[in-house]
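Residues 2 to 199 in UniProt numbering are what the sequence shown lists, from first letter to last. Data block below; observations after.
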Amino acid sequence: KRVAILISGSGSNMEVLARDMAGDHPARPVVVLSNRPGAGGLAKAEALGIPTEVVDHTLYKGDRPGFERALSEALARHAPDIICLAGFMRILTPDFVGRWAGRMLNIHPSLLPKYRGLDTHARAIAAGDTQAGCTVHVVTGDLDDGPILGQARVPIEPGDTTETLAARVLVEEHRLYPAVLRRFASDDMTPVILPAGA
Ligand code: GRF
């Protein structure tokens with residue numbers, strides 16, 4: 002299976018996915034695409050020998066369809082079977098999502114369906130939650146919705162800040178996403194629940 006990974010920032014999730022696919026794996030990364038020219042993940046992808054593409058969304062101000070057309074053209078050049086959104090910070094229209102129905106995954110830093118959208122860690126702390134985590138789901142036209150393929154839970158500790166909680170969740174993202182992609186690329190939709198035996 003050919004995997005495209007879409008990033009906007011440091012690309013730490015992209016990196017763990019790419020490294021996991023370097024082993025015995027039903028999929029391999031064929032392109033890393035960023036909406037930001039300066040994304041740190043682009044250098045990581047190049048260091049891993051993965052082709053990169055940039056579709057700078059600021060060139061399409063107020064023209065989301067134009068941005069998504071450019072995105073589709075860049076992707077088509079690499080003929081991916083699966084798209085992994087990994088720290089990709091642009092909302093995709095139902096039209097774009099529809100073209101990849103059932104073949105696009107996203108990782109979101111909350112225990113969905115709680116805390117769709119942004120600032121998930123601050124919201125969990127403010128709500129006095131004792132647990133937080135991350136979710137990998139199939140992308141549908143609704144924001145941070147869609148069938149859940151995996152979740153990882155972490156405790157929220159007294160005195161946690163959004164930074165300390167984000168760092169704890171990110172460690173689990175890096176365990177969860179590769180585990181989910183392995184199953185998904187093998188057409189195994191059994192959810193991954195971490196910690197194992199939870
Ligand atoms: C992280 O905050 C993560 O929770 C979310 O995107 C952000 C950056 O991820 N998935 P990455 O380092 O660019 O993969």
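Quick reminder that beta carbons are idealized off the backbone N, C-alpha and C, glycines included.
query                                                                                                 : result
Alpha-carbon to alpha-carbon, I83 and G134                                                            : 24 Å
Status (buried if at least 16 other CB within 10 Å, exposed otherwise) for L7                         : buried
DSSP three-state assignment for A199, whether helix, strand or coil                                   : Because A199 sits at a pLDDT of 49, beneath the cut-off of 50, its placement in the model cannot be relied upon, and the following sentence gives the value as read from the coordinates. In this structure, A199 counts as coil in the three-state DSSP scheme.
Reduced DSSP category for D31 - H, G, I as helix; E, B as strand; rest coil                           : Going by the sequence as given, residue 31 is Val instead of Asp. In this structure, V31 counts as strand in the three-state DSSP scheme.
Local Cβ density within 10 Å of L144, reported as buried at 16 or more and exposed below that         : exposed
Straight-line Cα distance separating S73 from A199                                                    : Low local confidence applies: a pLDDT of 49 at A199 is under 50, so the model's placement there is unreliable, with the coordinate-based value given in what follows. Computed Cα separation, rounded: 39 Å.
Top-ranked residue by Cα proximity to A80, from E69, W101, A87 and P148                               : W101
Anticipated Cβ contact below 8 Å, G151 with V181, distance rounded                                    : 4 Å
I84 at chain C interface by Cβ criterion, 9 Å                                                         : Here there is only one protein chain, and chain C is not present.
Lining residues of ligand 2 - beta-carbon closer than 7 Å to any non-hydrogen atom, in sequence order : Among the ligands present in this structure, namely ligand 1, ligand 2 is not found.
Cβ neighbours of F68 in the same chain (closer than 6 Å, five flanking residues each side left out)   : H58 and Y61
T141 beta carbon less than 9 Å from that of I108                                                      : no
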